[in-house]
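A short write-up of the structure that comes next.
Residue numbers (the numbering used here): 3 to 132.
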């Protein structure tokens, strides 16, 4: 069939278009019964990612800031004070390791800030960098 030929060429059944629709969604929307039946027969026979097999869908990223705020509060209120007030004074002989950890923390926070402030731009899905 045409669908089999597309799969042989490397087409993805989980690819999404600009509005987030998969090929199965498009077939359902256009009421293509043969294609829908093919998907229903093909997909269970082939290994799918855990999220698709279980029906779990990741939530919108707009709520991701709540988890980050909780993480930041945990770090600011517990982890960093514990490190600075208890661990650092008791282990001065580990100076190079403390400097390395400080560098890694700086790297972590600077890349986080950059990722939140720089627009990634548009990468076409057919581009090798995608």
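Virtual Cβ for every residue (Gly too), placed ideally from N, Cα, C.
Nearest Cα to residue 9 within the set 41, 86, 92: 41.
Counting only residues of its own chain and dropping the five nearest sequence neighbours on each side, residue 26 has a CB closer than 8 Å to the CB of 15, 38, 41, 45. Nearest Cα to residue 103 within the set 82, 92, 43: 82.
The three-state reading of DSSP puts residue 39 in helix, counting H, G and I together. Here residue 17 is exposed: its Cβ has fewer than 16 other Cβ atoms, across all protein chains shown, within 10 Å. Residue state for residue 21 is assigned as coil, using DSSP reduced to three classes. In the structure shown, residue 93 falls within a coil segment according to DSSP collapsed to helix, strand and coil.
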